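Chains as they are written, first to last, in this note's numbering: chain S, 1 to 141; chain E, 142 to 282. Glycine included, every Cβ here is placed at the ideal spot set by N, Cα and C. These numbers were taken from a predicted model, which means no experiment stands behind them.
There are 2 protein chains.
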Amino acid sequence: MMQYETDELKKAGLKATLPRIHVLQLLLANEGEHMSAEVVYRKLHESGVDVNLATIYRVLTQFQEAGLVERHQFDATTSVFELKPDDHHDHMVCVQCHQVIEYVSPEIEALQEKVAKDHGCDIVDHTHVIYVTCSDCTAKK
Amino acid sequence: MMQYETDELKKAGLKATLPRIHVLQLLLANEGEHMSAEVVYRKLHESGVDVNLATIYRVLTQFQEAGLVERHQFDATTSVFELKPDDHHDHMVCVQCHQVIEYVSPEIEALQEKVAKDHGCDIVDHTHVIYVTCSDCTAKK
DNA sequence: AACGAGAATGAAAATTAGTCGCATCAATAT
DNA sequence: ATATTGATGCGACTAATTTTCATTCTCGTT
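As structure tokens, then:
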């Protein structure tokens, strides 16, 4: 019952160790969420799995390097991780409730490409975060 | 000869203290650059001005709150600051030489607005950083 | 021009997020 | 089954930034 995780890890070129399996399981169980290392640590402990925090940091970084997860920085202090989605998307973050809304905009992507090309640059990566007041929070006011 | 800085500070609602004048002077002298608190600290010391690093952090934060400067985070570890430009722009950062290239794209801004509106969100702020290999670095290869 | 209240600074300690060294341990190839 | 190699746990450590608190300024008022 951890065969899927084991296979995924091996496919990604990583040894199927218990900590890695647990972290991957947690990420799968919370697909679509954006979790910090601390949160992963807490959630695992809540479900009785004792993995060292340093290991969580290492594992998440390895997952990122292996292309299993993406790392984002919505605020200055903390990185959050999400399982790598099939389709690329960017994020809106509500400054009030911290809800994360994913959006896709091929038009923006294309314009980005154009901007880079116009400057003779090759895009390696990008971060595009729109900080908003979401509809829920606007309603509450 | 620090009248301009003094006036700017007062206009921004800040007392014209020596540390603030010095930091503002440095930013003005290096307009267009993106400097970390450490770099501001080093540059001031190089020119014989001894301001405490904690003060630099405080001053830069106040400047940001007062709308005098913008704070950016191009990498996970450090914030950089630039004098608030009259025209909004976003940034490309070369992953090799760390050069920062500013760009303006009203089209992207407009699409952003549309994305937010489509989700019922009001934009508060945004960060859009394109990580690239710049033309210089491509040439060097 | 001196005064005093309140704000700003310097110095050092604290905090926060993340990393590292190293002894031990476990996953896989043989 | 075992050796090899890489992974984990633990605690110490780092880097960036913030805070605390005693001292020193700035600026409106006398």
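For the 8 angstroms CB-CB criterion, E254/E and I264/E form a contact. Pairing I101/S with V93/S, the inter-Cα distance amounts to about 6 angstroms. In the displayed model, S246/E falls within coil according to three-state DSSP, outside both helix and strand. For H232/E, no chain S residue has a Cβ inside 8 angstroms of its Cβ, as the nearest lies near 10 angstroms away. Sorting D118/S, A116/S, S36/S and L111/S by C-alpha distance to the C-alpha of T61/S places S36/S at the top. Residue burial annotation: D125/S is exposed, with fewer than 16 other C-beta atoms found within 10 angstroms of its C-beta. Contact annotation: in the stretch 246-265 of chain E, residues whose CB is within less than 9 angstroms of a CB in chain S are S246, E248, I249, L252, Q253, K255, V256, A257, D259, H260, G261, C262, D263, I264 and V265.
Within the same chain, Cβ atoms closer than 7 angstroms to the Cβ of A157/E are found at T147, L150 and K151, the five residues on either side in sequence being excluded. In the DSSP secondary-structure assignment, V80/S is bridged to S36/S and H72/S.
Distance check between V115/S and each of H269/E, G189/E and G261/E places H269/E closest, using alpha-carbon atoms only. Contact between L194/E and Y182/E holds, since their C-beta atoms are separated by about 5 angstroms, short of 8 angstroms.
T127/S sits in a strand when the DSSP states are folded into three classes. With respect to the 8 angstroms criterion, C121/S and C275/E are classified as neighbours on the basis of their beta carbons. Shown here for V200/E: same chain residues with a beta carbon closer than 7 angstroms to its own, the five before and five after excluded, namely P160, R161 and V164 in chain order.
In this structure, the CA atom of D259/E is about 51 angstroms from the CA atom of E187/E.
Of the residues assessed, H229/E falls on the exposed side of the cut-off, its CB having fewer than 16 other CB atoms within 10 angstroms. When only Cα atoms are considered, T196/E and F222/E end up about 15 angstroms apart. V236/E sits close to Y272/E, with the two beta carbons spaced by under 8 angstroms.
CA-CA distance, E206/E to R212/E, rounds to 10 angstroms.
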